[in-house]
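For the record, in the sequence shown the residue sitting at position 94 is 76 according to this note's numbering, with numbers rising by one throughout. For each residue, glycine too, the CB sits at the ideal point set by N, CA and C. Nothing here was measured: the structure is a model prediction, and the numbers come from that model.
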Amino acid sequence: MMGSESQQQPQPDAAKAPMLPPMAEKKRRRPPLSCEQCRKRKIRCDRTQPCANCVKSNIPSCTYAPYHVPAWRAKKMDAMMATGRDAAAEGAGKASLRNLKAAEPRPDAHNPEASEISPFSMVDSVGASSSSAIVSSKAGSSSTSSSPNVDWLVSRVHQLEEKLAQALRINDAPDGLKKHPTEQTVEPTGGFVAKSRYFAHSHWIYGLSMLTMEQDLLGQDKINKGDLYQSLGKCKGLGRKIKKHRLKPLSSTNLGLQIPARELADQLVENYLRTFEGIFRVVHIPTFRADYARFWEGSLPSNDSFVILLQLVMALGTTVYDDFFSLRPMATQWIFEAQMWLMIPPEKKRMNIEGIQIQCLLLLAKSTCNCGVDMVWMMAGNLVRNAMFVGLHRDPQFLGDMTIYRAEMRRRLWATVLELNVQFSFDAGGSPLLSTAHYDTLPPANLNDDELTDEKDNGGIAKGPKVPTQTSVLRALQSTMALRLNLINHVNNTRPGDHYEETLRLNSDLTKSCRAISESLMALKAIPNSPITEFHVLVTEIFLYRCFHALHQPIIVKYLDDAKFYFSRQMCLDSALKLTHIWGFPDAWSPDNPAASKAMDADLKRLVTTGTGMFHHVASQAMINIQLELFHAKTGQASSLGYLPTVGSTNLRSRLIATREWKLSRVRAGETNIKGIIFMEACLAHIKALEAGANSKDKTRMMFEAAIAMGKQCFEILKEVAEREGLPASEWDDYETASLDGLSTMSGMPMDWMQDWVFDGDQGISFPQWDPDFDSGDFMDELDFEIGQM
């Protein structure tokens, strides 16, 4: 029955069949890698963003369908992003996106943590689900062989690198030049060429381009061949005779034989050890004293290097021997002998610690005693390379086991080489051609010389920084070495575009360092039995405070009247007042002024009177800044409101008068070039005329009269110098009555040096000819330059 009934039941019609629940849509097993536009058009997609097809078709957007990744997988991918490209590549090697997709569960109610993400997404959150938040315009790699997760991770790394670069203000400029688009850009004028040499912004003569009236005045007299021209010619001729008389015959067969009596030698050696050695640590004092004693006893083995070293030590001691540098010819002889000794083959024998010590002393002596002071910057570069040749730029801990003595002497010598290189770079207006990346030698330890033993160097015996030692001053200078290297490279950079923000940052760091070091050294000097003297503290301050002039001088030369850069003008003036105070110029200065003598260290007073190089250029640069400030005030551009006198004008003028007296004392001490003091007197007369309200004609007359009177005074002083140094009267008596033309023939010198005063209103000062007896020891001695860009 049942079977028949089942057979008799009618079969339902297809149209009348009951509705079954719809089957779930079959999902794609593989993630879509092509963009949605290419998938609809069924064309091959290169999987970039935007893809090449969308670009050709001008489709405004190129989107990719999102696909889901479990949260645990997304966290793992985020961790890979944080580790950079290496971690990304490692993760890509473990599994491809397709394998990961095949192994992952599909989103359902049992997997609520699943999130949507695109391999080309650049959003910061991994849990984004909308395609608008997923798609990025910077994603993707053009390679079709790489898996999409690698493309996405690489894109993510690119984005993070761009954000980091923006935060650090790093731009991929040509040749590594870093620019700051948001910063205020200052473009100072370029350097200048003087007698075939290039001087950059840190050179002390750079500011003279602002004193155009004095240059024009002296150039005009050259054309007219007036009284000033005649006076300058007589002084120049007599000065050349004096310099020629100082030179002695030099031969390689008599090197090291010019040793004075024991009593004089002892005094000169003590002068050096008391002054220069406390700043530039070159010799080990106990060892040097022992060798010095054996030298006089005759028990010292034949050693040319010690004799040359001793002569250079004595040459530096002559600069503070007396007020007139009476031993100048002897010091010059010793310097020339040392230079010849270094040049005699084989040079390889001198590539050792003793050779580096002699080179350090030679450079310092040439700069201080005015023996080729213009060339010391080039020699300093050679010294740096020689020091690297013997490995001083590597710390002794990397060179094997060394004793404390050997390790510390190498560290001291390298610190001295760095300091000399920086100072001569400031003087020459050049670059040190060195950075902290070129060496890893540690600063010398805070130890006295008698504490350097033959024990193994382990760096654990140094004293604390508050204990004064014979190395404290050099350590203080070394603490600012990185800052000063950055500063001199910033100032003398040949690339256009100086950034004032960087100038202000360097100024801030320099100000803090100067204050900290001055306070520290003064505190160490006050400790009983301290080896630090007033001389050491003042010279250290000279080395540091001169950096303010180099840093701000390029700014004020071009933007003197711009109120935005008033800070630079003020910093130059403040540092000039500080340096002139160190020189002993608070109000008045003269050799017989007891107040100035009491305020100034006796050794430093003699050194700045007889020495050249940094001990002359720094004060000259300070004087230029004071002159610029006074001219700026006296021409009606004072900083006050107008009904009160400019604050400090009287003090500034008194300092210029004191500077004139200092320059006269240098002529009495044997300085033969008087162009600097002539220029100085013209500036003082200019200021006096401005104060008196004189017209242009009277102003010119006052400047001429003052310059001529100073020229005559200097000629009388040079006659006294010639008589004191034993120059026969027949060699200089006729200079007083000789005409300029007759003087030129009598002295055998071309008078092309007078072209120092030629002024070209468009191109600055031009000197087409070469002076064979160029002497840069005086202020105006390097005025032969072409300032085409100023």
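{"Asked": "If we ignore side chains and look at the alpha-carbon of each, how far apart do GLY337 and LYS225 end up?", "Found": "30 Å"}
{"Asked": "Can you find the residues in the same chain that come closer than 6 Å, C-beta to C-beta, to LEU237, ignoring five residues on each side of it along the sequence?", "Found": "GLU319, TRP323"}
{"Asked": "Measure the C-alpha to C-alpha separation of GLY411 and SER184 and round it to an integer number of angstroms.", "Found": "5 Å"}
{"Asked": "Determine which residues share a DSSP beta bridge with LYS438 and list them.", "Found": "THR385"}
{"Asked": "Candidates LEU291, LYS448, THR493: which alpha carbon is nearest ARG466's?", "Found": "THR493"}
{"Asked": "Based on Cα-Cα distance, which residue from GLN535, HIS531, VAL539 lies nearest to THR562?", "Found": "HIS531"}
{"Asked": "So, for GLU815: in the same chain, excluding its five sequence neighbours on each side, which residues have a beta-carbon less than 6 Å away from its beta-carbon?", "Found": "With the chain running from -17 to 772 in the structure shown, residue 815 is simply not present."}
{"Asked": "Give the C-beta separation of LEU434 and ILE509 to the nearest angstrom, bearing in mind that I take them to be a contact with Cβ-Cβ under 8 Å.", "Found": "Contact flag wrong, Cβ pair sits at about 21 Å."}
{"Asked": "Is the beta carbon of ILE656 closer than 8 Å to that of CYS217?", "Found": "yes"}
{"Asked": "With a cut-off of 8 Å on the beta carbons, I'd call ALA664 and ALA689 a contact; round off their distance for me.", "Found": "5 Å"}
{"Asked": "In terms of residues, what are the limits of the alpha helix (DSSP H) holding ASN475?", "Found": "Element bounds for ASN475: n/a, residue is neither H nor E."}
{"Asked": "Helix, strand or coil for TYR180 per DSSP?", "Found": "strand"}
{"Asked": "Suppose the cutoff is 8 Å on Cβ atoms and the five residues either side in sequence are ignored; what does the same chain contact list for LEU345 look like?", "Found": "VAL358, MET361, ALA362, LEU365, LEU402, PHE406"}
{"Asked": "With 16 other CB atoms within 10 Å as the buried threshold, where does TRP278 fall?", "Found": "exposed"}
{"Asked": "For HIS534, which option in LEU520, ARG551, ALA545 has the closest C-alpha, if you only look at C-alpha atoms?", "Found": "ARG551"}
{"Asked": "Where does TYR499 land, buried or exposed, given buried means 16+ other C-beta within 10 angstroms?", "Found": "Reading off the sequence, residue 499 comes out as Ile, not Tyr. Buried, since its Cβ has 16 or more Cβ neighbours within 10 Å."}
{"Asked": "Cutting at 7 Å between CB atoms, please list the residues of its own chain near LEU520, excluding the five before and the five after it.", "Found": "ILE564, ASP583, LEU586"}
{"Asked": "Taking all protein chains shown into account, do 16 or more other C-beta atoms lie within 10 angstroms of the C-beta of THR451, making it buried, or fewer, making it exposed?", "Found": "buried"}
{"Asked": "So, using beta-carbon positions, are THR423 and LEU374 closer together than 8 Å?", "Found": "yes"}
{"Asked": "Expressed to the nearest angstrom, what Euclidean distance is found between the alpha-carbon atoms of ILE187 and ALA601?", "Found": "11 Å"}
{"Asked": "What are the start and end residues of the alpha helix (DSSP H) that includes LEU339?", "Found": "The sequence shown places Gln at residue 339, rather than the Leu named in the question. 335 to 350 is the span of the alpha helix (DSSP H), which, as asked, contains GLN339."}
{"Asked": "What is the residue span of the alpha helix (DSSP H) that THR641 lies within?", "Found": "631 to 650"}
{"Asked": "Could you tell me how far apart the beta carbons of ASN468 and PRO447 are, in whole angstroms, since I believe they sit closer than 8 Å?", "Found": "Actually they are not in contact, since the Cβ atoms of ASN468 and PRO447 sit about 23 Å apart, beyond 8 Å."}
{"Asked": "Beta carbon of LEU503, beta carbon of THR522: below 8 Å?", "Found": "yes"}
{"Asked": "With a threshold of 16 other CB atoms inside 10 Å of the CB of GLY208, please say whether the residue is buried or exposed.", "Found": "exposed"}
{"Asked": "Should ILE25 be labelled buried (16 or more other beta-carbon atoms within 10 Å of its own) or exposed?", "Found": "exposed"}
{"Asked": "From LEU415, LEU255, LEU589, pick the residue whose C-alpha is nearest to that of ARG271; which is it?", "Found": "LEU255"}
{"Asked": "Select from ALA313, ALA667, GLY382 the residue whose C-alpha is nearest the C-alpha of MET684.", "Found": "ALA667"}
{"Asked": "Buried or exposed: where does MET463 fall if 16 or more other Cβ atoms within 10 Å of its Cβ makes it buried?", "Found": "buried"}
{"Asked": "Kindly indicate which three-state DSSP category LEU429 falls into: helix, strand or coil?", "Found": "coil"}
{"Asked": "Around the C-beta of VAL37, are 16 or more other C-beta atoms found within 10 angstroms, so that it is buried, or is it exposed?", "Found": "exposed"}
{"Asked": "Could you tell me the distance, in whole angstroms, from the CA atom of ILE537 to the CA atom of GLN609?", "Found": "16 Å"}
{"Asked": "What alpha helix (DSSP H) runs, 4 residues minimum, are completely inside the stretch 8 to 41?", "Found": "18 to 23, 34 to 38"}
{"Asked": "Would you identify the three-state DSSP class for ASN364, choosing helix, strand or coil?", "Found": "helix"}
{"Asked": "If you compare alpha carbons, which of ASN511, GLY566, ASN285, ILE524 is closest to ARG497?", "Found": "ILE524"}
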